[in-house]
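First to last, the sequence lines map onto chains A and B. Residue 999 is where the first sequence starts when you use this note's numbering, and the numbers rise one by one after that. Residue 999 is where the second sequence starts when you use this note's numbering, and the numbers rise one by one after that. Virtual Cβ for every residue (Gly too), placed ideally from N, Cα, C. Keep in mind it's a predicted model, so treat the numbers as computed, not measured. Everything on this sheet refers to the single structure shown next.
2 protein chains.
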Amino acid sequence: SLVLSPQRRIPEEFNSFVARTNTCGELRSSHLGQEVTLCGWIQYRRQNMFLVLRDFHGLVQVIIPQEESAASVKKILCEAPVESVVQVSGTVISRPPGQENPKMPTGEIEIEVKAAELLNSCKKLPFEIKDFVKKTEALRLRYRYLDLRSSQMQYNLRLRSQMVMKMREYLCNLHGFVDIETPTLFKKTPGGAKEFVVPSREPGKFYSLPQSPQQFKQLLMVGGLDRYFQVARCYRDEGSRPDRQPEFTQIDIEMSFVDQTGIQSLIEGLLQYSWPKDKDPVVVPFPSMTFAEALSTYGTDKPDTRFGMKIVDISDVFRNTKIGFLQDVLNKPQGTIKAICIPEGAKYLQRKDIETIRKFATEQFNQEVLPVFLKANRNWNSPVAKSIMEEQRLGLIRLLEIQEEDVVLLTAGEHKETCSLLGKLRLECADLLEARGVVLRDPALFSFLWVVDFPLFLPKEENPGELESAHHPFTAPHPSDIHLLYTEPEKVRSQHYDLVLNGSEIGGGSIRIHNAELQHYVLATLLKEDVKLLSHLLQALDYGAPPHGGIALGLDRLICLITGAASIRDVIAFPKSFQGHDLMSNVPDYIPPEELKPYHIQVSRPADSE
Amino acid sequence: SLVLSPQRRIPEEFNSFVARTNTCGELRSSHLGQEVTLCGWIQYRRQNMFLVLRDFHGLVQVIIPQEESAASVKKILCEAPVESVVQVSGTVISRPPGQENPKMPTGEIEIEVKAAELLNSCKKLPFEIKDFVKKTEALRLRYRYLDLRSSQMQYNLRLRSQMVMKMREYLCNLHGFVDIETPTLFKKTPGGAKEFVVPSREPGKFYSLPQSPQQFKQLLMVGGLDRYFQVARCYRDEGSRPDRQPEFTQIDIEMSFVDQTGIQSLIEGLLQYSWPKDKDPVVVPFPSMTFAEALSTYGTDKPDTRFGMKIVDISDVFRNTKIGFLQDVLNKPQGTIKAICIPEGAKYLQRKDIETIRKFATEQFNQEVLPVFLKANRNWNSPVAKSIMEEQRLGLIRLLEIQEEDVVLLTAGEHKETCSLLGKLRLECADLLEARGVVLRDPALFSFLWVVDFPLFLPKEENPGELESAHHPFTAPHPSDIHLLYTEPEKVRSQHYDLVLNGSEIGGGSIRIHNAELQHYVLATLLKEDVKLLSHLLQALDYGAPPHGGIALGLDRLICLITGAASIRDVIAFPKSFQGHDLMSNVPDYIPPEELKPYHIQVSRPADSE
C-alpha cells in the first residue's frame, strides 16, 4: 500500500489552496457522511461498478453511480482509461458489512459519487503503475515521470525531504547555524582532475564545477560567520561508474572554535534528531575506532560492524610451524599470518565458493588463502590439516573462538595486504551466507562508527617516494604528531574523521589548518603543489583566521541506506544512468557549432584529441 | 552596532559543541559574576588597558590585567595586532559607575580577564573592519572573507538564512510540500541562448546549465508528487550586466490541482509567515492589477505603487487644440495625449532637469515631452502655455489633480510608447525629487502587487509577423480566451502572474498547459519550435498529467529589497563582479589544453570564432 509520511501525521494543510477537500488516502470511518471532493488517478476499475482512485497519499474506493440521472458521471468514470486524472465529489459512506478491506487504510469506507470531471486522459502506458510489475531500470529512467508515481519512489523522495527538513531545524533553529549558498562556478582545484569545466565568454578562460564547497566554507569561517551549513550541490566527473552520479548532494558543515569531539557530537545529535520516526532510534555516542584498528580488525577504513568475523592475527600460533610458505612469511620482517572465522561456514559454503575465494585472492591480491573446514566430527578438513599440530589447533580455537561447523580462512603476508584481502573476503562470505538464508546483517539495524586517526599523507601511487594528502591538503595534523611534520611526515596522523554506516562511508571531515605558515609548508614543501592557485586561501589564513573544522555527509548515500534502496538512483528524482545520461530527455546532446562560438571553443575530432 | 538575529532571540545553543561559554554580544548585567570563556577578534585596544572583543554576535569590553602575576596575559593581549583571534576567560563584572556605555548592548558590563590565548595573529589588513570605513566594491570583493566580517554582511546573510528557513517551515511543515532536488546538468532548452554549456566526455555532446527547473517541476507533477518546492540554483549567461549574477537562486514551487488564486494565496501566506520580525508585517491579500492597467497607469509591467504620479490620458481635453503636433497625433487612429503630474515639481526640478528629461525622451523614445510649470502666481510656464485655452486648463487641473507648484509632463503618440516613456520619466522624477530631500518612497514600506492577465504571445522583435511566448511556452491561456488561440492568438491573455515589490519583479509564474495536444499546437503551430527537443514533456502530458501551476520567486532580489542593500551582491556570500569574475580567486581562469582533452574541445583562436 502507499505510504505517505514516514515522519509525522498528515496535516490538514495538504488540501490548502486547492479544489479538493481531502486526499484519497486520509479518509476513514471518522469521515462518514462528509461531502468530499477528491482529485486523483484511476488505479483500476471493476465491472464498471467501482474504481480505485489514487493520489500521493493512498487509495480509496469510489462507487460508479448506476442511476439513469447520473449517466454523464457514469460515462466519464467508465470511459476514462486507467491512470487518467479525475476529480470526483460525493459522500463518504460505509462499505456494506463484509465488504471492508482491512489491508487498505481506507478499507472501511467508500465514496458515493455525485459529480465527476475528467481532468486529463491517459494514453496507453509503457508499463503499469503497480508495485509488483517488474520494470528494467532503463525503462524506469526513460519514463521517470511515471516511475515517480510508484509507492517506493514517493516514500523515498518524501522521506528525503522530511529528513533534510529536520536536519535544517536542528542546525538552523537549535544550534545557530547559518545556511549560506556558495558558488558552483568556481576555479579549478589543484589536482582536481574530476571537475567539469564550463567555458566562459572570455577566450580560453573556464569556470569549474567544484567537488565540494571546501574553500568557501573555510573562507566563511575567516569571515566570522562562525557556523555554516549548506545542502550543497557538488559535481564530480568520473565518467561511467556504477552508483555514482555526476552531481550529488552533501550536508556541508563548518564551525569555528571547535575540535574533533565537538563536530562528532554535533553530527550524532543531528542524525538522532532527524532520524525517521518509523526506524529504531539512533543511539549516541557512536563508537569510534582508529584507522589502524579498522584496518587490522576489518581490513578496511569503513568497517561494517553489524557482524563479527573479525580479522585475527595468528602469527604467534605458527611461530614454530613446519608449513613451508607460512614459515617463509614469518621469517620476513613484516610477515604475518591472519585469519577470519566464518561461523557455520562448513554448513553453508560450498567447495566452489572456496575455489572462487582462493582464485580471487590469487588474482586480485596475489595471495594464497587456506581454508580450514571444521566438521562436526572434529576432523579438520584442509590442504594443511595434517601439518597443523595439536598445540596450534588449540591456539587457533582460542584466538578465533572457533565452533564446530565453522570455516577458517587463513592467509599470510604483509600486514596491510593480508588485512585488505581478509576484509574483502569477510564481506564476500557474508554475502554468500545471506544468499543461503543466514541473517547476518539485520536490515533494521543501523550501525554507526567513527573512524579516526587517519594518516595525514600517503605515498603517491605513481611515485611512492612523494607524498599526497590522504584526504585533502587543508586537514590539520594530529596535535601529538606536529613535530613529525618536519622529520617523518609520513608518520603524522591527521585530525580527519570518517563516519561509517553499515560499512559505507557516509561522511568525512576534519579540523583544518588555520595557520598560514603551516598551510604553506604542507602545500609547497611536502605536497609540492603550485601555491599560486590557492594564494587567496593562504592570504585569508593570515588575516586572523579562527581555528575551525567541519564535515560533509553524503546525503544520497545516507538516504539510500536508510530507505534500503537498491541504488542511489532510487533516492534521486531525476538521476543519470551509469554512463551519465538522462535517458528521459537524451542528455548530454549535440550542440550546433554556432552555439559554441560565444564560448570560443570547438569540438576536436577524435584524431585531434589523441 | 552588530546585529545578529533579525528574527528571534538568541538560543543558548550558539555555544554548543565549542570551548566558549558565551558569545561576546550576549553578555548583560544578568551575567554578573559568571565565569565566562569567549572567543573573538580584537576590534580595538585602548592604552593597553582595555580591548574590545568582537564575534558575529556583538562587542564586549575586556580589561587587560595590569598585575605583575598576569604579565603573560597582558603580553598576549597587548601585543596581538588588531583583528587577531583570541580566547579569553574571566569574570563578568560591572563597569565602574559613570563608565557604562548605553549605546553598546553589552555596555553595562566588562570582562575581568584571568587567562588568554592567542589563537591566530593577523597581518596588516588591506582595510579596517569598521562600518564607517569606505571601501570600493572591487576591494571588498577581492578580500571578501574580510568584508564578510562587517555588521551589514553578517546581518544580510543571517536574515537570508532565517527567512529561507521560515519559508521551508511554511511549505514543508505547514502545507505538505516536498523539497526535491532537480539536476543542473541538463539539456539545452529550445531558444535557451543564455545557457552555459558543459562539455561531456562524449565527443561533441554537451550538458547545459538550465535557467530554471521548469521542465522538471512539471514532470514532478506528472509523477504525482503533488506539491514540490526547491531553493533552486539557476544559471544564466548574459555576459556583463549590472546587478545580474551568472548563478542565482529561486524559490521554486509547483502544485497540482491548483488555480491562479491558489498560488497567489500560497505566496501571500509564505511571505507573511517568513517576513522578518524587525520589519512591519506584510498585509494580505496583495492588490492585483491587470497588465493593461499597469501599462496605462504606470507605463510598466512592474509598477512601483509606493507613490502616485500616475499616467493620465488627457486626449479628450485636447480634442479641439490648436497646438499643431498634438492635433497631428490625435488625428491618427492610435494617437493619444498623456501626462503625469509631479507634485511640487516646480519647487524641486530645475531647468536642466527638464532639459535632461526632454533629451532622454527624444533620444530613447523619439518623442517630444512638454513640461508645464505651475507657479504660485498661477501663470503657467510652458513653451505651449499660451496655446492652452482656459477650458483645457481647467480640464487638466481636474484630470491630473494639479496643485500649485506642480509640474506636468505631457507627451503625445501611440498608447504603448507614451505610457512607456512617462513610466520611465515618473521614476526618473521620483529619483530627482528624492535626491533633493522629498520623501516619496518610505524605505520601511513594502508595497506588493500582483500583475495579471498578461498577453500569452508577443510579436517577435526581429520579425513582428511571428509570435513568441511572452513568458514561456508552457503557460496556459486564459480560460476565456482559449477560442482565440485558433483565430487571433495575439489577443490571447495568459494565466501568467507576476509578483512585484516596490517596482521590482520578484516572482512570476503561471498555470501550465496540461493537455498534450494544446501544448503541441502552441509549440509547433504558433511558435514554430522544434518539438523534438521537448518530446519527453509532450509525451509526459499524454500520460495523465494533472492540471498544475507554479511560481518562482527571485530570492536574491527579494532579500536585497528587504535588507535595503545597494546591490544583490550584498546579499550573496561570494558574488561575481559585473564581468562575471570572482575577484578573490581570479575566476574564470585559463586551463591547460591537456585538461580539455577528455572533453574533446579546444579553444578557438579569436580569428576562428568570427
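Determine the closest residue to residue i out of the options, with distance taken between C-alpha atoms.
i        : options                                   : result
P1453(A) : I1480(A), K1357(A), V1256(A) and F1444(A) : I1480(A)
L1123(B) : L1117(B), R1140(B), V1315(B) and S1385(B) : R1140(B)
P1240(B) : P1573(B), V1083(B), L1536(B) and K1526(B) : P1573(B)
M1219(B) : L1539(B), F1576(B), Y1597(B) and Q1064(B) : L1539(B)
H1512(A) : F1371(A), S1254(A) and A1292(A)           : S1254(A)
I1609(A) : G1237(A), W1448(A) and T1319(A)           : As displayed, chain A neither begins before 999 nor continues past 1608, which places residue 1609(A) out of reach and without an answer.
M1151(A) : R1138(A), M1161(A) and M1163(A)           : R1138(A)
S1602(A) : P1197(B), S1119(B) and W1273(B)           : P1197(B)
G1237(B) : D1053(A), R1199(A) and R1225(A)           : R1199(A)
H1534(A) : G1578(B), V1327(B) and M1582(B)           : M1582(B)
S1149(A) : A1136(A), M1163(A), I1309(A) and E1126(A) : E1126(A)
G960(A)  : V1162(A), K1300(A), G1542(A) and Y1296(A) : With chain A running from 999 to 1608 in the structure shown, residue 960(A) is simply not present.
G1507(A) : H1469(A), D1314(A), R1225(A) and G1096(A) : H1469(A)
S1028(B) : K1073(B), T1303(B), T1089(B) and I1557(B) : T1089(B)
L1051(B) : T1104(B), R1093(B) and K1073(B)           : T1104(B)
I1414(B) : G1297(B), D1326(B), E1460(B) and D1528(B) : At residue 1414(B) the sequence reads Lys, which differs from the Ile that was named. Comparing Cα positions, the closest option is G1297(B).
Just the Cα atoms here: how many angstroms apart are residue i and residue j?
i        : j        : result
E1432(B) : F1472(B) : 41 Å
P1004(A) : L1425(A) : In this prediction, P1004(A) has a pLDDT of 44, which is less than 50 and means its spatial position is unreliable; nothing more can be read from the coordinates.
I1395(B) : F1316(B) : 13 Å
K1350(A) : Q1362(A) : 18 Å
D1580(A) : R1166(A) : 30 Å
E1353(B) : A1410(B) : 18 Å
G1221(B) : S1082(A) : 13 Å
I1249(A) : L1157(A) : 16 Å
V1086(A) : N1020(A) : 11 Å
N1013(B) : Q1041(B) : 21 Å
I1309(A) : L1553(A) : 31 Å
V1229(A) : T1416(B) : 48 Å
Using the three-state DSSP reduction, which class does residue i fall into: helix, strand or coil?
i        : result
S1014(A) : coil
A967(B)  : Residue 967(B) lies beyond the range of chain B shown here (999 to 1608); nothing can be said about it.
A1563(B) : coil
K1526(B) : coil
V1280(B) : coil
H1469(A) : coil
N1461(B) : coil
E1353(A) : helix
R1250(B) : The sequence as given places Asp at residue 1250(B); Arg does not occur at that position. If DSSP states are grouped into helix, strand and coil, D1250(B) belongs with the strands.
P1331(A) : coil
N1513(A) : coil
T1360(A) : helix
P1201(B) : coil
F1125(A) : coil
F1371(A) : strand
T1416(A) : helix
P1301(B) : coil
If residue i sits next to residue j, beta carbons under 8 Å apart, how far is it from one beta carbon to the other, in whole angstroms?
i        : j        : result
V1406(B) : L1398(B) : 6 Å
I1504(A) : K1277(A) : Going by Cβ atoms, the distance from I1504(A) to K1277(A) rounds to 15 Å, so no, they are not a contact pair.
L1368(A) : S1380(A) : 6 Å
Y1168(A) : Y1271(A) : 4 Å
L1057(B) : G1031(B) : Not a contact, Cβ separation roughly 21 Å.
G1333(A) : E1412(A) : 7 Å
R1439(A) : F1305(A) : 6 Å
V1370(B) : A1359(B) : About 15 Å separates the two Cβ atoms, so there is no contact after all.
H1546(B) : E1245(B) : 27 Å between Cβ atoms; not a contact.
Continuous beta strand (DSSP E) assignments of at least 3 residues falling wholly in the segment 1027 to 1094 of chain B: As far as the segment 1027 to 1094 of chain B is concerned, its whole beta strand (DSSP E) runs of at least 3 residues are 1033 to 1044, 1048 to 1053, 1056 to 1061 and 1083 to 1092.
Ordered list of alpha helix (DSSP H) runs contained in the segment 1376 to 1408 of chain B, each at least 4 residues: Inside the segment 1376 to 1408 of chain B, DSSP marks whole alpha helix (DSSP H) runs of 4 or more residues at positions 1388 to 1398, from first to last along the chain.
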